[in-house]
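2 protein chains.
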Amino acid sequence: MSNNNLIKGSLQTIILKLLEENERMYGYEITQRVKELTEGEIKITEGALYPALHKLEAEGLLSTEIQQVDNRVRKYYSLTKDGQKEVTSKMSELQGFVENLQRILTPDLKPGFNI
Amino acid sequence: MSNNNLIKGSLQTIILKLLEENERMYGYEITQRVKELTEGEIKITEGALYPALHKLEAEGLLSTEIQQVDNRVRKYYSLTKDGQKEVTSKMSELQGFVENLQRILTPDLKPGFNI
DNA sequence: AAACCATACCTCAGATTCTTATGTATGTAA
DNA sequence: TTACATACATAAGAATCTGAGGTATGGTTT
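Below, the structure written as structure tokens:
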């Protein structure tokens with residue numbers, strides 16, 4: 001991740017959610033997508049991403065498929081059945097956490113961490 | 001802390017923000033306040049809290065004042081000048097991060113991680 | 001009286017997750 | 001040929017947590 005060490009553990013959720021939307025993605029593509037979506041503000045480092053992908057695969061949440069594209073090897077990741085269930089779980093967990101964070105940090109405004 | 005390992009990194013911000021609102025607090029009080037504000041969903045463990053407090057003090061963001069209350073020693077923490085500046089910084093950092101998280105995770109709805 | 005829980009501080013081993021650096025390999029642009 | 005982009009990977013070290021343990025006081029339960 002970029003400069004901030006905030007909310008460690010959200011990388012897994014990011015990966016799973018992107019794969020829910022995109023069917024299949026490869027590692028480098030994920031880093032670029034996140035950079036693009038956040039206008040360069042969040043940069044996922046390879047040292048964080050690849051171990052995370054490997055772990056999710058080892059847990060049976062992702063499956064892989066290696067493919068040759070322009071003399072380059074790409075390792076595509078997709079959600080397994082378990083992975084699809086886990087997205088929902090991880091997302092509501094994160095949502096709940098942000099909700100609680102907002103309760104602690106903004107005692108004045110009740111609804112929403114609005115932007 | 002509760003079940004989720006999401007909080008890493010946001011604990012400092014929580015401490016600083018609570019002290020911005022409350023002038024001075026002691027460790028145990030902070031754990032109770034957070035538990036109270038989140039209806040028991042986030043429990044700050046002592047193993048996380050005390051080292052965090054000591055670190056913030058060592059960085060000059062907090063000052064301490066020991067006080068005897070009912071035969072019990074309390075260590076009150078307050079924001080220093082530097083600490084007061086840091087709250088603003090840490091809060092906008094966290095705000096920005098949540099904003100970016102929302103961009104990644106909810107591509108459909110543009111405004112707000114609403115609750 | 002003994003056991004237990006609440007208050008209040010603390011430390012430390014181990015786990016997890018990250019950063020930073022390094023390595024391999026191909027292709028393109030300056 | 002130097003540099004950058006693409007594409008994978010590992011590994012040392014830092015940072016932050018969990019969970020267990022320790023000390024001490026005082027109230028409540030059994």
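Each protein sequence line maps, in turn, to chains A and B. Read in order, the letters of the first sequence are residues 1 to 115 in UniProt numbering. Read in order, the letters of the second sequence are residues 1 to 115 in UniProt numbering. Think of the CB as a built atom: it goes at the ideal place given N, C-alpha and C, for glycine as much as any other residue.
query: Residue-chain proximity (lysine 17(B), chain A), Cβ-Cβ < 8 Å; result: yes
query: beta-carbon lysine 35(A) near the ligand SAH non-hydrogen atom, thresh 7 Å; result: What this structure holds is no ligand at all, so the ligand SAH is not there to describe.
query: Residue-level contact to chain B via CB, threonine 80(A), 8 Å cutoff; result: no
query: Nonlocal neighbours in the same chain, by C-beta distance under 7 Å from glutamine 12(A), ignoring five residues either side; result: Ala52, Leu56 and Lys90
query: Opening and closing residue of the beta strand (DSSP E) in which glutamate 65(A) lies; result: 62-69
query: Where the alpha helix (DSSP H) through arginine 24(A) begins and ends; result: No alpha helix (DSSP H) holds arginine 24(A); DSSP gives it neither H nor E.
query: Span of the beta strand (DSSP E) around lysine 75(A); result: 72-79
query: Length of the line joining the Cα atoms of lysine 85(A) and glutamate 20(A); result: 10 Å
query: Glutamate 57(B) - DSSP class collapsed to helix/strand/coil; result: helix
query: Close beta carbons around tyrosine 76(B), own chain, < 8 Å, minus the five adjacent residues each side; result: Arg24, Met25, Tyr26, Thr64, Glu65, Ile66 and Gln67
query: Chain A contact for asparagine 22(B) (CB, 8 Å cutoff); result: no
query: Contact with chain A by glycine 27(B), beta-carbon distance below 8 Å; result: no
query: Residues in the segment 48-75 of chain A having any Cβ partner in chain B nearer than 9 Å; result: none
query: Cβ neighbour criterion (16 or more within 10 Å) applied to arginine 72(B); result: exposed
query: Cutoff 8 Å: lysine 8(A) Cβ touching any chain B Cβ; result: yes
query: Arginine 103(B) versus Glu99(A), Gln102(A), Thr80(A) and Gly40(A), residue with shortest Cα-Cα distance; result: Gly40(A)
query: Minimum Cβ-Cβ distance from valine 87(A) to chain B less than 8 Å; result: no
query: Top-ranked residue by Cα proximity to leucine 79(A), from Lys8(A), Val98(A), Lys17(A) and Gly47(A); result: Lys17(A)
query: Glutamate 41(A) - DSSP class collapsed to helix/strand/coil; result: coil
query: Of the residues Ala58(A), Asn22(A) and Ser10(A), the one placed nearest isoleucine 44(A), counting alpha carbons only; result: Ser10(A)
query: Sequence-distant residues of the same chain with beta carbon closer than 7 Å to leucine 94(A), five excluded per side; result: Ser10 and Thr13
query: Backbone CA spacing between glutamate 36(B) and phenylalanine 97(A) [nearest angstrom]; result: 15 Å
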